[in-house]
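Residue numbers (full-length UniProt numbering): 1 to 328.
Cβ atoms here follow ideal geometry from the backbone N, Cα and C, with glycine treated the same way.
Reading through the structure tokens given below for one structure.
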Amino acid sequence: MVFRIHFDCADLARTTIARQPDPLWEVLLGVHILQVDDEPETFGTWRERTRARLTALEQELLALAPPVGYSPDFLTPDAAARGLDAGLTAVAATPAKRLTTELRQLSDSVRLPGWTRRLAAGEPGPMKRLVQGLRSFHRTKIAPQLPMIAGAVEPAVAKHTETVAGNGLEKLLPELHPTLSWSAPVLTVDLPHIERDLYLDGRGLRLVPSFFCWKYPMMLLDPDLPPVLVYPVRHEAARPGLVVRRPDREGAVADLLGKTRARVLRSISAGACSTSELAARAGISLASASEHARVLHDTGLVTTHRTGSSVQHTLNPVGAHVLTGTRC
């Protein structure tokens with residue numbers, strides 16, 4: 001069975017490649033990973049530790065994200081491409097009618113707990129708990145792994161960008177994953193138990209790399225939503241074991257900067273972020289994130305620039321040298 005994505009000329013021109021994983025897709029796919037035992041070399045250590053440390057709010061996510069089959073589209077809004085905060089705001093604003101439709105779709109394949117009926121009715125309490133659970137899972141289970149994830153994703157995206165620049169998007173598409181094949185103007189995804197057609201109709205396709213997407217590329221069910229294809233990146237750069245570190249180097253950085261400031265620096269190394277996103281990644285307060293970012297900027301390890309009313313923090317070559325030991 002196959003999922004066919006139909007392009008026209010405008011779609012090829014408007015298809016984009018995200019430079020980093022989507023935070024809410026990683027949360028959803030991370031929750032999937034917790035419920036299976038696949039890829040033990042990559043996910044085994046992380047999965048074991050995460051299962052042992054799930055909070056009550058995070059456990060509720062399991063009901064909405066079965067590892068096989070449908071997961072509600074509202075959990076991975078397009079707005080999350082702008083960051084975790086934007087994505088969670090979009091989740092919280094999901095209309096009750098859409099909640100009802102998607103949760104009913106989910107209930108066709110799994111038995112849902114009673115609180116999901118209140119969620120579908122638009123009651124604020126269940127939605128608040130859901131958003132808190134999503135934020136907590138990202139902050140405590142995904143964000144600490146971002147430097148390791150970046151080590152796998154960044155080289156893959158660089159290679160994909162080079163392929164597009166040298167040979168065009170049509171050359172890249174079938175190279176993203178073995179299940180993908182291109183026969184103009186249709187991209188075919190070979191998936192079990194799915195027989196569908198998606199017509200992009202000039203909207204283009206957002207290609208999003210993912211570390212926690214481990215088997216097949218993922219798409220949304222609703223054809224009216226902004227089209228996205230989330231594809232797995234190869235994990236060799238991160239093996240063995242997702243949470244394995246290079247302790248000597250990390251210990252030296254922590255001794256130099258202090259454990260919290262070293263964690264902040266590593267969080268920034270995962271990609272440009274606002275102060276609020278930095279706080280979520282590092283698992284610290286907003287005020288603490290702001291102060292640590294200021295010190296790192298003043299000492300020349302981080303570049304901070306203001307855009308409108310917000311600031312963006314990025315790792316500069318000196319900071320990269322401190323973290324990795326490579327020359328500037």
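Just the Cα atoms here: how many angstroms apart are ASP78 and ALA262? 31 Å
Please report the Cβ distance between LEU296 and LEU265, rounded to the nearest whole angstrom; I am assuming they are in contact, meaning their Cβ atoms lie under 8 Å. 6 Å
Whose CA, out of SER269, TRP182, ALA121, ALA86, lies closest to the CA of LEU146? SER269
Pairwise C-alpha distance: ALA80 and ASP22: 6 Å
Own chain, CB closer than 8 Å to ARG203, minus 5 neighbours either side, in chain order: ASP11, ARG14, PRO226, PRO227
Relative to the C-alpha of LEU323, which candidate in GLY283, LEU256, SER288, THR45 has its C-alpha closest? LEU256
Mind listing, in chain order, the continuous beta strand (DSSP E) runs of no fewer than 3 residues lying wholly within the region 21-85? none
Among HIS313, GLY168, PRO232, LEU180, which residue has its Cα nearest to the Cα of THR16? GLY168
Apart from the five residues just before and just after ALA237, which ones in its own chain have a Cβ nearer than 8 Å to its Cβ? Only weak support exists for where ALA237 lies, its pLDDT of 43 falling under 50; the value from the coordinates is given anyway. GLY151, ALA152, PRO155.
Does the Cβ of THR94 lie closer than 7 Å to at least one heavy atom of the ligand NAP? Of ligands this structure carries none, so the ligand NAP is not represented either.
Which residues mark the beginning and the end of the beta strand (DSSP E) in which ASP190 is found? 186-190
Just the C-alpha distance for ALA96 and THR188, rounded to the nearest angstrom, thanks. 33 Å
Exposed unless 16 or more other CB atoms sit within 10 angstroms - verdict on GLN35: exposed
Just reading off the beta strand (DSSP E) that PHE3 is part of, what are its end residues? 2-6
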